[in-house]
Structures are given as structure tokens and as C-alpha cells.
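Chains as they are written, first to last, in this note's numbering: chain Y, 1 to 209; chain V, 210 to 323.
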């Protein structure tokens, strides 16, 4: 399949982006989180993109009703593989540890499979859990995010990472900004002036293997 | 002797603006000052930044005080340990404004809780 070079919509902003942007959304309000998440999913499914959601905040019944309002059958998109829904705990805390290598391999595979199945593009939205910091591998969270940015250069899955400012401390929120090239500020997506290019960032840390 | 001209870097001003925008969505004072101290440590010429809720009486000569206050509220001070005065100086006035804005945000929150 030929790569799709057109721009995509994130759904929660009017702006258009090339596929494969890596966006950080700092959340402090449950309604804001859910609204952004639902709009992101809807925009993906309406555009024929393969769409994936890792969240504890939405469930099948919320999505059935929301997507149904836009004429999209939840069961159909699940059955066709166009939509993947999973709790973030299952994904990020698999076997009670945070394994960046496993996550990176999963995103790579997701992109390759999406292309092979003929989807125009692919996207994922994930709600990061603060518990990640307290399990084995949790000290590699920033390394993981930096490596995601690198991965998306070759495998352009559009990715939005939701971080709850009520769950992560302020210093960690600042550190998280440094590993995301784009971020959401009051509903708009802006270039992040704190972003450290991933190769530079990764050269400054010693990763556990 | 060569004249050293302090350089004002636009990306640093961008960082200050972005921090202001994010601070307004952080949940509490602890989160705000943790975030602020970590962020301001990126400023040119800065070694480290600490927050003190009370005015520190004795501080090292390398530390510059930035009170976080408005006419109606006093929210402590940021203590910025400066390692390169030439690099740091261009941002001093911006930092004063930045601290004032944090004070305004905290004022508004305090009024909402009344």
C-alpha cells in the first residue's frame, strides 16, 4: 500500500496534522479528557483510519452510544478490526510491570498490520496511569515516550498521550513535556518548546535493558 | 576587551508562556511549584530552582529571590540559583512577570474557594 501523505484531523481541534504526530495532553478535568478522547476516536473512524484506545475512562456502552449518534456501529468497527478498545491497565501494566520494549513492538506491529489491512492511516490514544511509576520498569516512562517519537518517524501512528495532572506530580508533568514534540494547550495543539529531540534525550539517560 | 552581549532566546520565552498556560490547569499549589521549579531549571544560567513558602532569611549570594505575590496575596518565593549571570540576566524582567502571573492564578483560585 502507498503511504497516505494527506493531513489528518485529531478531532478535538480544527487544525490538521501529518499522520504520526506525537501529542501530549495534560488533563485536569474528567469531562475534558473524555470529550477529547471521543472526538479523537470519532475523527479516526470517520476518516477510515484504524483506531485504538487504551483507557479506563470509557467503556463499551459509552462508545456504543457516542458512535451510534454519528451512525457508526460499535460492533461493526470492533468486528472489522477498525477499532481496538482496551483498558490502559491491561496495556501499560501487563503482568504488573511496565515494559517499554513490549509497548514499542506492539505499536510497530499495529502500524504494520494496519497498513497490510489497507487502512489509510492509524491512530492511538492512551491514558497513562500514574501507577506505572511504581511498578518494575516504571522508571523508563520518559525513555519510552522518547522512543515512541523515534518510532513514529518510521511507523507514523498518530498518538495522543493523556496524562492526568491530578495523578502525576508537577515535576513529572514537566519531565513528560520534554519527551513530547506537540502538546495540547486549552484545546489547541502547539509545538512544545520544552521538547528535547529523542536522540538527544536518549543519549542523556542510561536505559535499563 | 570583548563586550559580552546577553542573548535573549525566543524559545525560552516560549517556554515561559507555555508554563503559564499549563500552570492554570494544575490542580494545586504543590503541583504548580513543583512544575515551575523543574521548568525554570531549564533557563539559561540557572543551576537549580527551589520554592519557599516563607521568606528565607539567609541565602547564598548566587541565589536570586523572585517573590510570588500580588496586591492581595503573598504566595512565597522562588529561589533561583544562578550559575551564569550573563546568560540569566535577560530573563529577569520576564521572570518577575511570570511570578506575578502565578500569583494572579493563585488569587483567582483563592477567590473561587471563598
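Every residue gets a Cβ at the ideal spot worked out from N, C-alpha and C, and that includes glycine.
Subject >> Residue from 304(V), 278(V), 215(V) whose Cα sits closest to the Cα of residue 258(V) >> reply: Out of 304(V), 278(V), 215(V), 304(V) has the C-alpha closest to the C-alpha of residue 258(V).
Original post:
For residue 132(Y), which residues from the same chain have a beta carbon less than 8 Å from its beta carbon, with the 5 sequence-adjacent residues on both sides left out?
Top reply: 92, 93, 98, 138, 141.
Original post:
Which residue from 50(Y), 160(Y), 66(Y) puts its Cα closest to that of residue 115(Y)?
Top reply: Comparing Cα-Cα distances from residue 115(Y) to each of 50(Y), 160(Y), 66(Y), the minimum goes to 50(Y).
Subject >> Entirely enclosed beta strand (DSSP E) segments - the segment 66 to 144 of chain Y, minimum 3 residues >> reply: For the beta strand (DSSP E) assignment, the uninterrupted runs of no fewer than 3 residues enclosed by the segment 66 to 144 of chain Y are, from N- to C-terminal side, 83 to 86, 122 to 127.
Subject >> Under 9 Å (Cβ pairs) to chain V, residues found in the segment 165 to 184 of chain Y >> reply: Taking 9 Å as the cut-off between beta carbons, the residues of the segment 165 to 184 of chain Y near chain V are 165, 166, 168, 169, 170, 171, 172, 173, 174, 175, 177, 178, 183, in sequence order.
**OP:** In angstroms with no decimal places, state the Cα-to-Cα distance between residue 130(Y) and residue 249(V).
**Re:** The straight-line gap from Cα to Cα measures roughly 24 Å.
Subject >> Any alpha helix (DSSP H) of 4 or more consecutive residues that is wholly inside the segment 287 to 311 of chain V >> reply: Counting only runs of 4 or more, we get 294 to 297.
Original post:
Which full runs of the alpha helix (DSSP H) of 4+ residues lie inside the segment 24 to 57 of chain Y, going along the chain?
Top reply: Segments of the alpha helix (DSSP H) lying fully in the segment 24 to 57 of chain Y: 30 to 46.
Original post:
Alpha carbon to alpha carbon, what distance is there between residue 22(Y) and residue 200(Y)?
Top reply: Distance between the alpha carbons of residue 200(Y) and residue 22(Y): 17 Å.
Subject >> Residues bridged to residue 274(V) (per DSSP) >> reply: Looking at the DSSP output, residue 274(V) shares a beta bridge with 288(V).
**OP:** Kindly indicate which residue of 163(Y), 47(Y), 168(Y) has the alpha-carbon position closest to the one of residue 183(Y).
**Re:** Selected option, being the one with the closest Cα: 163(Y).
**OP:** Would you kindly work out how many angstroms separate the C-alpha atoms of residue 173(Y) and residue 26(Y), rounded to a whole number?
**Re:** Straight-line Cα distance between these residues: approximately 8 Å.
Subject >> Contact belief for residue 20(Y) with residue 157(Y) at Cβ below 8 Å, rounded distance in angstroms >> reply: The C-beta distance from residue 20(Y) to residue 157(Y) rounds to 6 Å, short enough to meet the 8 Å contact threshold.
**OP:** Could you confirm whether any beta carbon from chain Y is found closer than 7 Å to the beta carbon of residue 249(V)?
**Re:** Residue-level contact check: residue 249(V) does not touch chain Y, since none of the beta carbons of chain Y fall below 7 Å from its beta carbon.
Subject >> Cβ-based neighbour list, residue 108(Y), same chain, cut-off 7 Å, excluding 5 preceding and 5 following >> reply: Same-chain partners within the cutoff: 151, 155.
**OP:** Residues of the segment 19 to 47 of chain Y with a CB closer than 7 Å to any CB of chain V: list them in chain order, please.
**Re:** Going along the segment 19 to 47 of chain Y in chain order, one finds 26, 28 with a Cβ nearer than 7 Å to chain V.
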